[in-house]
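Inspection log for the structure reproduced underneath, given as structure tokens.
There are 2 protein chains.
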Amino acid sequence: MARRKSSSAVTIIDVAREAGVSYSTVSRVVNNKSYVNAETRAKVLQAMTRMGYQANLQARSLAGGRSNVIGLLVVDLATQYMSEIMHGIDDVLASNQYELMLYTTHRRKTKESAYVNMMAQSIADGLLILLPRDPDAYLESLRDRDFPYVLIDHRSLNESDLSVFSANQDGAHTATTHLIDLGHTRIGMITGWMDMTSAKDRLAGYKSALADRGLPFDPSLVFEGDFTQSSGSQALSYFLQIQNPPTAIFASNDLAAAGVLEAVRYHGLLVPDDLSVIGFDDIPLAATLNPALTTMRQPLHEMGSIATQLLLNRIDEPDERYSSIVLPTELILRETTAQIKEEARA
Amino acid sequence: MARRKSSSAVTIIDVAREAGVSYSTVSRVVNNKSYVNAETRAKVLQAMTRMGYQANLQARSLAGGRSNVIGLLVVDLATQYMSEIMHGIDDVLASNQYELMLYTTHRRKTKESAYVNMMAQSIADGLLILLPRDPDAYLESLRDRDFPYVLIDHRSLNESDLSVFSANQDGAHTATTHLIDLGHTRIGMITGWMDMTSAKDRLAGYKSALADRGLPFDPSLVFEGDFTQSSGSQALSYFLQIQNPPTAIFASNDLAAAGVLEAVRYHGLLVPDDLSVIGFDDIPLAATLNPALTTMRQPLHEMGSIATQLLLNRIDEPDERYSSIVLPTELILRETTAQIKEEARA
DNA sequence: TATTTTATTGCAAACGCTTGCTGAAATATT
DNA sequence: AATATTTCAGCAAGCGTTTGCAATAAAATA
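Protein chains in written order, with my numbering: chain A, 1 to 346; chain B, 1 to 346.
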């Protein structure tokens, strides 16, 4: 039963005693609230620093105040994609004195919903949900309670959801068109998890680009992946053994593209000579690969920071009108795409 | 003043009413404590699920119970090194129903200490400190309060600190010896931040390996880096312009090694023909680089999971004796080291 | 059968904070 | 000068828990 916590912590009451005021006054000073005489405030502030006062988060939030922590829900931590976004989140949080509480769902839908409820009922002032897999299961209850949240990299079908994501369809369209412009007509596509809107949108962009240039859509050129590197490798093996292999591949993310590149080496092919490859994301890895990966850049860092800013605003000013934000993508030309070789056209 | 939180949350009291018992009984059921009649327990459990009860973390922890969150203090999130370790942490936490609260210090020493105090006084049941920069500033107060914490990748000089780290000196010794065995006698060394024990230990290992083989230690072959990729690139530029450039480089981490490789390409050199390079860590990037990086593997994922396990044990059984854990490193041979060329010896 | 022990539950007091209400003092208004 | 307003500070209730203590009922012991 060791009462470890209470042992040494200095509370608002200690400060009050030290400063010779009531504890409510201390609370008001701490929170910069309502009327408090400048002199009194100074006295309290002094006492606070002298004693090294540290507000107790849970007491504060329990009593109805702000906890200054926001919850972040992610499927996984292991990818650079996540790191980049988290970095953006973290930057904004840090400069606003907010803390981050992290929940990793490891792809379990049930966990996602349990976590959200717990966060919203407990400590968090707001919620950032990155790549939700099953948002409908819990978002409604958040909405009912008017609990602030922002979705990241997810185009919600619900109007009242606030979200930040890239122009995925556009980006995929540009990427595919780039390949077509290089003379490729058989373009393989590696999708992401198809239960995510971003994956769907990228496939849609691929299709529309083909259609715009009068190219047929061949379902055998679509490999359903899951955004992992190994799914990229598998995709290449698949493409190599179909009737009429593609001369270029558009991967829905850089990691899958890296998988393709890895498998390409294994099969003794040359990129971009034998095969053009384009990715999506522009994670740091893309530039480091050899050959360096041509890709559609989406501003991951910004995605995180903008979403966080949006959430913080929403927490501060709940009654304003906010709307979702769509970020532009950009074609980053590097070394993995090239004009189709005549012989390959056979 | 919107009282958002209280709006819909179902509390222990609601459950008690529903089940027709007192709220303390409900609490006992929730915590699996002391005597509670099997029948009563069942009734309460039913009521709980029926109403969708979710314990309020802060109230619980405020009242002296467990919060089931542990705090993690890191300098930065952006590297694969961090991702790997965090992954290990997260795995153990997830399987023990603990949550993670994340604090990023962005290399500011003052923040480090402020965060630690806040965590320890507020919500966390325990603390994981990854790559501390200035631990002496706050560890003592934690010790005094008997607050559970574990240091990761830091060999503490204080006996009572619990920490998990790799055999850095050993690893560096092995890496350097590998280079010597390939015939290299002028071996460049890129250090990490020299205020970290791991960086110091790796430098020590480098020196001792030279000494063991009767090779002189030349200070001009040591470049003080900071574990970043760009410091690796800078190091190469430096080495290329000194009197008698090294024929091999040992970088204190893979990221710096990647920087070397990047700069090598820029300078039109060939690895491993013109220069051997060995890294440290074996982050996923190492295998993906082209040429693939030879490196000293340290078990990052395990480092995280073992530290977490240790912390959790310590929380559960505070009175046991625990001791720090040193993890072995392993030489991973890939494509960036080779026998020295005769001509280069000139 | 009387008495002691044990199992089971409830009560109430914390935990450290926020905030509505109240009253006193200071200031402004008529 | 009398009254209304504003500024300032304290009191006390309450946020949702945990837990020591007390009370009761049931079981065991003498």
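All C-beta atoms, glycine included, are put in the ideal place defined by N, C-alpha and C.
- 9 Å or more divides the Cβ of A/L77 from the Cβ of A/L100.
- B/D195 carries a coil assignment under DSSP once its states are collapsed to helix, strand and coil.
- In summary, the residues of the segment 102–119 of chain A whose CB is separated from some CB of chain B by less than 8 Å are L102, Y103, T104, H106, N117, M118, in the order they occur in the chain.
- The secondary-structure analysis by DSSP pairs B/F165 across a beta bridge with B/V326.
- B/S61 has its alpha-carbon roughly 43 Å from the corresponding atom of A/S230.
- DSSP places B/F217 outside both helix and strand once states are collapsed to three, so it counts as coil.
- Non-local C-beta neighbours of A/V277 in its own chain, meaning closer than 6 Å and more than five positions away in sequence, comprise I249, A257, V260, V271, T336, ordered along the chain.
- Close to B/T295, with beta-carbon spacing below 8 Å, lies no residue of chain A; the smallest spacing is near 15 Å.
- B/I306 counts as buried, since at least 16 other C-beta atoms from the protein chains shown sit within 10 angstroms of its C-beta.
- Of the other Cβ atoms in all chains shown, fewer than 16 fall within 10 Å of the Cβ of A/H267; this residue is therefore exposed.
- In the assembly as shown, A/S122 is a buried residue. Its beta-carbon has 16 or more other beta-carbons within 10 Å.
- Non-local C-beta neighbours of A/A204 in its own chain, meaning closer than 6 Å and more than five positions away in sequence, comprise Q169, ordered along the chain.
- A direct Cα-Cα distance of roughly 60 Å separates A/L293 from A/V36.
- Taking A/S220 as the centre and dropping the five residues before and after it, the same chain places the C-beta of I242 closer than 6 Å to its C-beta, in chain order.
- A/S156 and A/Q234 have their C-alpha atoms roughly 30 Å apart.
- The C-alpha of B/S208 is placed about 39 Å away from the C-alpha of B/I70.
- Taking the beta carbon of B/Q58 as reference, the chain A residues within 8 Å of it are L57, Q58, A59, S61, L62, S67, S122, I123, listed in sequence order.
- When secondary structure is reduced to three states using DSSP, A/V75 falls in the coil class, being assigned neither helix nor strand.
- Here the segment 13–30 of chain B makes contact with the segment 39–59 of chain B; the two share three or more CB pairs at distances below 8 Å.
- Membership of A/G279 in the beta strand (DSSP E) is indicated by the continuous run 276–281.
- Relative to the Cα of B/A47, the nearest Cα in the group B/Y23, B/I152, B/Q97 belongs to B/Y23.
- Taking each of B/L331, B/I315, B/Q309 in turn and checking the Cα distance to B/T295, the smallest one comes out for B/L331.
- For B/H106, the closest alpha carbon among the candidates A/A94, A/E112, A/Y115 is that of A/A94.
- When Cβ pairs closer than 8 Å are counted between the two stretches, the segment 274–291 of chain B is seen not to touch the segment 313–324 of chain B, the count staying below three.
- Following the DSSP letters along the chain, one finds B/F147 in no beta strand (DSSP E), marked with neither H nor E.
- Burial state of B/D146 is exposed, judged by a 10 Å Cβ sphere holding fewer than 16 other Cβ atoms.
- Inter-residue distance for A/L179 and A/A338 is about 8 Å (C-alpha atoms, whole angstroms).
- As a beta-bridge residue in DSSP terms, B/T104 pairs with B/V74.
- Against chain A, a Cβ distance below 9 Å from B/A258 picks out T288.
- Counting only the Cα atoms, A/L57 lies some 12 Å from A/I12.
- Per DSSP, A/L93 is one residue of the alpha helix (DSSP H) stretching across 80–95.
- Setting aside the 5 residues that flank it on each side, A/T177 is surrounded in the same chain by A209, D212, R213, each with a C-beta closer than 8 Å to its C-beta; the list follows chain order.
- Assignment of B/A292 by DSSP, reduced to helix, strand and coil, places it in the coil class.
- When secondary structure is reduced to three states using DSSP, A/A47 falls in the helix class.
- With a cutoff of 9 Å on beta-carbon distance, B/Y138 and B/V116 are scored as near each other.
- Rounded to the nearest whole angstrom, the C-alpha separation of B/L269 and B/L275 is 8 Å.
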